[in-house]
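Novice:
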Ligand SMILES: [Ca+2]
Ligand SMILES: [Ca+2]
Ligand SMILES: [Ca+2]
């Protein structure tokens with residue numbers, strides 16, 4: 230009878246010890262998994278297009294849960310001739326994981342009439358000793374963007390020197406391109422009435438080395454033996470092949 234209270238006390242202590250152990254375990258696992266490991270990238274503000282005249286796209290990045298170890302994220306552009314990203318290295322830890330970091334993507338200029346070009350800001354690497362975060366390496370979707378062209382795709386014509394005559398008077402005008410073409414272009418030159426006037430070349434070729442150098446077209450008046458008065462005709466500079 231005298232020993233009676235001790236086993237009861239012993240059992241009670243064991244119970245408290247078990248509770249304590251369980252509590253510690255729960256605290257560790259909640260720090261490990263405040264949420265699923267992930268990288269939150271907001272939808273780009275207002276537009277997903279940068280521009281060749283310096284237009285930017287902004288977005289924000291943070292982690293979706295507290296990491297056990299610092300997480301370093303490296304960003305890069307799939308085409309630095311069209312867009313660049315800053316900053317390129319982001320570091321998050323257990324204290325700043327939920328603070329957004331602003332990312333700015335800036336359009337890069339070129340002098341080619343290349344149209345709108347698609348490119349991506351890639352999440353090039355995710356490095357951490359927290360295995361839940363290091364497992365995200367290579368798994369995060371890129372930010373898809375376009376860079377808008379600012380070249381003018383146009384044929385620049387110099388003014389016509391005058392009218393042609395049946396007595397052999399000719400006329401000239403110059404032709405060049407307003408910007409570098411993305412590939413060589415051929416521009417047909419066509420007289421609408423070859424019985425009145427013919428052109429010295431049937432087409433002009435331009436590429437990115439000579440696009441800005443004028444080429445001269447000569448229009449020769451054609452003689453006939455009819456008293457036909459002044460006949461209007463046209464020379465067409467065809468831009469259908471211009472890209
Ligand atoms: Ca440009
Ligand atoms: Ca361009
Ligand atoms: Ca471009």
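In my numbering, the protein residues as written are 230 to 472. C-beta: ideal position from N, C-alpha, C; glycine also.
(1) Quickly, what does DSSP pair residue 321 with across the bridge? List them, please.
(2) Leaving out five residues on either side along the sequence, give the residues of the same chain with a beta carbon under 8 Å from the beta carbon of residue 375.
(3) Is residue 293 helix, strand or coil when you go by DSSP?
(4) Assign residue 382 to one of three DSSP states: helix, strand, or coil.
(5) Please report the residue range of the beta strand (DSSP E) in which residue 329 lies.
(6) Let me confirm a value: residue 378 is counted as buried when at least 16 other C-beta atoms fall within 10 Å, else exposed. Which label applies?
(7) In chain order, what are the residues with a CB under 7 Å from some non-hydrogen atom of ligand 1?
(8) If I measure Cβ to Cβ from residue 406 and keep anything under 6 Å in the same chain, skipping five residues before and after, which residues do I get?
(9) Tell me which same chain residues have a C-beta within less than 7 Å of the C-beta of residue 333, skipping the five on either side of it?
(10) Taking 8 Å as the threshold (C-beta atoms), are residue 402 and residue 467 in contact?
(11) Quick one: what's residue 406 bridged to in DSSP?
(12) Where does residue 348 fall in DSSP's three states?
(13) How is the beta strand (DSSP E) around residue 415 delimited, first residue to last?
(14) Using a threshold of 8 Å, state whether the C-beta atoms of residue 367 and residue 335 are closer than that.
(15) Would you mind listing the beta strand (DSSP E) stretches within the stretch 437–462 that are 3+ residues and don't spill past its ends, in chain order?
(16) Identify which residue in 341, 289, 328 and 395 has its Cα closest to the Cα of residue 454.
(17) CB-CB under 6 Å to residue 266, same chain, minus the five flanking residues each way: which ones, in chain order?
(18) Closer than 7 Å: is that where the CB of residue 342 sits relative to any heavy atom of ligand 2?
(19) Nearest by alpha-carbon distance to residue 391: which of 330, 412 and 426 is it?
(20) At the level of alpha carbons, what is the spacing between residue 317 and residue 444?
(21) Within a Cβ cutoff of 6 Å, which residues of the same chain sit near residue 273, ignoring the five residues on either side of it in sequence?
(22) As a quick exercise: from 313, 369 and 264, pick the residue whose alpha carbon is nearest that of residue 323.
(23) Taking 8 Å as the cut-off, decide whether the C-beta atoms of residue 371 and residue 384 are in contact.
(24) Do you know offhand how far residue 421's Cα is from residue 339's?
Specialist: According to the structure data:
(1) 300
(2) 277, 278, 279, 345, 346, 347 and 348
(3) coil
(4) coil
(5) Residue 329 -> no beta strand (DSSP E), and no H or E assigned at all.
(6) buried
(7) 281, 338, 339, 340, 378, 379 and 380
(8) 435 and 440
(9) 285, 287 and 315
(10) no
(11) 384
(12) strand
(13) 414–420
(14) no
(15) 444–450
(16) 395
(17) 294, 361 and 362
(18) yes
(19) 426
(20) 46 Å
(21) 286 and 288
(22) 264
(23) no
(24) 38 Å
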